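Below you'll find the structure, written out as structure tokens, and then a few comments.
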Amino acid sequence: MGGGDGGKPSMVSPLEVFRPSYLLFPALLGSAILGLVCPLVGAHLILRRRVFLGLTLPQIAACGVAFTFWVYHEAGFAHGAGGERVAAMAGSLLFTLAGMGLLAYLDRHATGSPEGRLAAAYAFASALTILFVVFNPAGELEILNLLKGEVIALSVDELRLLAIVYGIVFAGLVLFRREFLLTSFDRDLAFLLTGGKVQWNILLYLLCGLSIAVGVIMAGPLLVFGFMVLPPLAARPFARGTASFLALSSLIGLITAMLGFYLSVVLDLPLGPTDVTLGCVLLFISHGMSRVRVRRTAGVAMLCFAAACMGSGCRPGERIALPLASVEALNESTVWLAKVRNSTSSELRLPSGNPLRSLAEMAGKVSSDYRPTVMDLLRDSLQTELEQRKIKIAFPEARDARLGAFAPDPSSAAETAREGKLSGLLLLTNIQRWHADGRQLLSTRVDFKLLRIGDGGVLWEKTVQRVIPTTGAGHLGQASSDAAKEIVREIFGS
Amino acid sequence: MPAEALPLVSLRAVRLGYDSETVLQEVDLDIRPGDLIAIAGPNGSGKTTLFRAILGFLPLLGGSLKRNCPLNEFGYVPQSSALDPNFPVAVQEVIGMGAYGRLRPFQAMPGEEKERLGHVMDQVGLRHLAARAFFSLSGGQKQRILIARALMVLPKILILDEPLAGVDTESRTAITELLLRINREEKKAIFFSSHDLRMVRSVTRRVLRVDGGRMQWEEETAGNLPW
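Chains as they are written, first to last, in my numbering: chain A, 653 to 1146; chain B, 144 to 370.
Take a look at the structure:
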């Protein structure tokens, strides 16, 4: 999800990720909003000894999403149509509120353990979610994306909706903190002081339901549950009162969201599991520190420091990858542009409507049954960029048809080149990932290596990881073309 | 207190229990302003059940109950063990809850309430613990804080469920002195429970004994009890 180097973690700096002009800045903001507000909701559930509600309700919401997708497609609407996400959000909200209502009713009228009911409800919702996905042949990818957490693909409109809903939830939880605190801490006193009115309970659960229903559709149940539960549990050992508990929960949630996002970009990991794993690590650190009786302020400072250290520890060394254009040898020797290697599991053929194909056919350069690939796009872009810089290039397969493929390992590739009587430099390109992640993003990872053919020495190398929005492109072919140009521009530092 | 003062709470032939299973029956009781009444009996005899019925938490199975003051003028001190020990709440937050019934949503605690908060903390002698975490306190300190919270309600009657259970001797003395002072100086009615009859007798002569599902006033000459 960002720039990279030599197969190692990417070298995107925190400043770059947190800059408003950064490509994934809306996703970062979405994560930050979730990280700030979800812990506040979860803290109230924990105060009410209803922590499992934070696990069960997101699963019920996910069940509502799966159900809505299924009904939506059964009703004949196309997958990916505009109203699909709105319908899913409505389904999520409906199921969440219905689930909460049913659980509240059972809490009042049924016997047995409330935890047992929550566990049963979780199992039931999980099973139903899978069944609804099975019923809906078009739904599997959506639900998988949902479970992974799709906050990375947040559009500006969705971000706005998330900000409004979570803003309302945040304001409600802060403004009515006193009332919620009373009903959570001592129901008997609340009964005496309010005359048994239940409006505060209803309002609190409505705010919880709203945040869960919207959060699940935006970010997936895993991320919502993680943010709701882990930061408050990490904050608990350092909180003396409810005010500090709520504030610390939100602060740790925010740190987890920001740092998790950065790690996700740098290490090219899915955001949801990264955030949750990071939250668990902070939880262990927090409880470890409480065991050794660290003073509260020192504990919080250490927790923040630990988070920052984890972030910096995951950054690569300070080796800076210079732009390809800065390699002086480029101007002195011929650069043999090897065919781009495809290490993905798919063929990466462009859709038949791609205009490049028509142009090539018209020029008589390709047969009518030939379909260009992403590898062609990438090599075309490299060729154009190198030629514009007056660098002498050549194609190995034009010299010898047997040189159509090179091993990714530099020494083997150089040896093959020497056997083919090539001299000068060899530019190897290897696509490791190139797939549409969800409906709005193209996720890519490409390795580049510039070798000296004579001794197989690596003069320059870089791995570029990019998540590129596809919303502006007319089709996937166009998006791939845009992505190829962007990647090539990045390695030339232009 | 003059005997003719209107009872704050009046129970007549009350039957109490859970799911139609009777725990206490034939309960007749008047609690008037300034009364200091103890109810003593073994664990599980129905003391807490009686309190919960008086406070409206539990419906009656039979008989009649009349309250002559609103529920928000009842100061209730539960057993501290009934509260979640993992709840991160500061002492001043716990006491401040007693004033919540007088505050509107969004309303900051006015100066008058803050003064009262300081006053009740002084009354229980624990102002220095205001910023401490409630559940880090000793059993006796927690009880005094819960009494302070009940006083913060500005109650006409204080109902205390086993206020001396699980506290050390020093705290027992402090709590009993506090209850006596509140009763004498502020003329508040106090109704409390205990399973320690000796302690109960040292506080008041008006003792209700409850056992075997029935409640009766103890005669001052009562001999040794089975608990």
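Built from N, CA and C at the ideal position, the CB exists for glycine as well.
If you're wondering where the values come from, they're calculated on a predicted model, not measured in any experiment.
- D809 (chain A): member of the alpha helix (DSSP H) spanning 808–827, first to last residue.
- For the region 213–228 of chain B, residues whose beta-carbon sits nearer than 7 Å to a beta-carbon of chain A comprise L214, N215, F217, Y219, P221, L226, D227.
- The closest CA to that of K991 (chain A), considering only A:Y774, A:V1026, A:N983, is found on A:V1026.
- Within 10 angstroms of the beta-carbon of Q266 (chain B) lie 16 or more other beta-carbons, which makes it buried.
- For Q266 (chain B), there is no enclosing beta strand (DSSP E); the enclosing alpha helix (DSSP H) covers residues 254–266.
- DSSP places R1001 (chain A) in the strand class (E or B) of the three-state scheme.
- Counting only residues of its own chain and dropping the five nearest sequence neighbours on each side, D1052 (chain A) has a CB closer than 6 Å to the CB of G1072.
- Taking a beta-carbon distance threshold of 8 Å, E255 (chain B) does not count as an interface residue toward chain A.
- Using a Cβ-Cβ cut-off of 8 Å, R892 (chain A) counts as an interface residue toward chain B, since at least one Cβ of chain B sits closer than that to its own.
- In this structure R324 (chain B) is exposed. Its beta-carbon is surrounded by fewer than 16 other beta-carbon atoms within 10 angstroms.
- The beta-carbon of F249 (chain B) is placed less than 8 Å from the nearest beta-carbon of chain A.
- Counting other Cβ atoms within 10 Å of its Cβ, H696 (chain A) reaches 16 or more and is therefore classed as buried.
- Comparing alpha-carbon positions, the option among B:A317, B:L297, B:K299 lying closest to P306 (chain B) turns out to be B:A317.
- Contacts with chain B (Cβ-Cβ distance below 7 Å) from the region 817–831 of chain A involve L827, F828, R830, E831, listed in chain order.
- The shortest CA-to-CA distance from A276 (chain B) to any of A:T894, A:V881, A:L811 is the one to A:T894.
- Within chain A, the residues whose beta carbon sits less than 8 Å from that of G244 (chain B) are L844, L845, T846, listed in sequence order.
- The beta carbon of L811 (chain A) is closer than 7 Å to those of P678, L681, G682 in its chain, skipping five residues each way along the sequence.
- Here P1062 (chain A) is near K1101 (chain A), since their CB atoms are less than 8 Å apart.
- Ranking B:P228, B:V263, B:G283, B:A196 by CA distance to the CA of L214 (chain B) puts B:A196 first.
- Rounded to the nearest whole angstrom, the C-alpha separation of L885 (chain A) and E361 (chain B) is 50 Å.
- G905 (chain A) sits close to C690 (chain A), with the two beta carbons spaced by under 8 Å.
- For L841 (chain A), the chain B residues whose C-beta falls within less than 7 Å of its own C-beta are Y219, M240, listed in chain order.
- Along the region 702–719 of chain A, there is no position whose C-beta sits under 7 Å from a C-beta of chain B.
- Taking a cut-off of 8 Å for Cβ pairs, the region 830–850 of chain A and the region 860–879 of chain A do not touch, as fewer than three such pairs fall below it.
- The beta carbons of N211 (chain B) and L149 (chain B) sit closer together than 8 Å.
- Boundaries of the beta strand (DSSP E) harbouring E164 (chain B): 164–174, taken from the DSSP string.
- The beta-carbon of F200 (chain B) is placed less than 8 Å from the nearest beta-carbon of chain A.
- Taking a beta-carbon distance threshold of 8 Å, L834 (chain A) counts as an interface residue toward chain B.
- For T929 (chain A), the three-state secondary structure derived from DSSP is helix.
- Across the set A:R1031, A:V1098, A:S942, the C-alpha of A:V1098 shows the shortest separation from the C-alpha of S995 (chain A).
- Secondary structure at I1105 (chain A): coil, using DSSP grouped into helix, strand and coil.
- Put simply, the backbone Cα of L204 (chain B) is about 7 Å away from that of G160 (chain B).
- Excluding its 5 nearest sequence neighbours in each direction, P975 (chain A) has C-beta neighbours in its own chain below 6 Å: F1144, G1145, listed in chain order.
- Cβ-Cβ distances below 6 Å link V152 (chain B) to I174, I197, R210 in the same chain, with the five nearest sequence neighbours on each side left out; the list follows chain order.
- Annotation for Q222 (chain B): D304, E305 place their beta carbon closer than 6 Å to its own, counting only its chain and skipping 5 residues before and after.
- The beta-carbon of P306 (chain B) is placed no less than 8 Å from the nearest beta-carbon of chain A.
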